[in-house]
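In the numbering used here, the protein residues as written are 46 to 402.
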């Protein structure tokens, strides 16, 4: 695949031939043959682990909404995350029923029903509505985006900001500061200038106001993902399981629980431990490892990281992957990930942690 920068402002990436961010999850091709009733193939099945390896995938749970809760300090939104998080493992949110996450709780609040009665379709629609409202869609655009009528979209916009008032206040304050300063910063200090905030043209000014919060929220999500990938790369080298390290002593004779005992030293509250990462450029990285026992970070797409690992090391690598993603930065609420594994990207199943983090 060919990669590039999709948005320098938000520090997001793109790819082509094939476009990795957009292969559909649902089966797209069917085959009927004498030896089989029906074979369904997904484009994601083209991304496969090598023989003897497992594909491990972790994606953040509600990352941008968690960032919005952190930035706005909205008590109600922070509370909405607490009960689902309390029921989850300290580092990972398993792929559970829709009733276990914040979008289901928001849907239940909007519809005046029990969380257990929220269906997967309602949860999915609520997720689209929440992010549409958060990123400043008009009622007309939101109705089309979420598949509802305009009156419902208007009601959801009003309900969201009345339920979570500090979110709206934060966005207004952010836009006001950006108009005065001429720029916005992400969590890690990447800056985007927004001259359109001072434009005489209403359409240009409104677009820049949307860009202000979008840049901070989506750009901060990009910051976090890049910290996670950096920590993961350093951690795999410390385990001597990465493609660029000597793995002669890494995780072979010992148990899976001890393979990553040194990993926590590489993780700090607000980003990478540069001294620890820097120490990994010595002897361990000078000798190439056998491809049969190496872990590889395949790529990162949106809020998802794909890694291949030898089957014997997969549980330990999954633990480290979850740890690198959830502990790379400290927010007012914990980060969560979904862990899955499989032979291909299109045949993943939920993967539990070993508990040895």
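Quick reminder that beta carbons are idealized off the backbone N, C-alpha and C, glycines included.
In the three-state reduction of the DSSP assignment, residue 202 falls in the helix class, which pools H, G and I. Here residue 258 really is in contact with residue 216; their C-beta atoms are around 5 Å apart, less than 8 Å. Residue 156 sits in a helix when the DSSP states are folded into three classes. Residue 191 has its alpha-carbon roughly 25 Å from the corresponding atom of residue 115.
Measuring C-alpha to C-alpha distances from residue 270 to each of 171, 106, 87 and 173 identifies 106 as the nearest. Cα atoms of residue 164 and residue 111: separation of roughly 22 Å, rounded to the nearest angstrom. Shown here for residue 180: same chain residues with a beta carbon closer than 6 Å to its own, the five before and five after excluded, namely 259 in chain order. For residue 209, same chain residues with a beta-carbon under 8 Å away, outside a window of 5 residues either side, are 117, 119, 121 and 122 in chain order. Shown here for residue 90: same chain residues with a beta carbon closer than 6 Å to its own, the five before and five after excluded, namely 389 and 391 in chain order. With 16 or more other Cβ atoms from the protein chains shown falling within 10 Å of its own Cβ, residue 382 counts as buried. In the three-state reduction of the DSSP assignment, residue 177 falls in the helix class, which pools H, G and I.
Under DSSP, residue 236 takes part in a beta bridge, and its partners are 230. For residue 345, the enclosing beta strand (DSSP E) has its first and last residue at 341–346. Counting only residues of its own chain and dropping the five nearest sequence neighbours on each side, residue 195 has a CB closer than 8 Å to the CB of 184, 185 and 188.
With 16 or more other CB atoms across the displayed protein chains lying within 10 angstroms of its CB, residue 355 is buried. Counting only the Cα atoms, residue 214 lies some 28 Å from residue 347. About 6 Å separates the CB atoms of residue 353 and residue 95; that is less than 8 Å, so the two are in contact.
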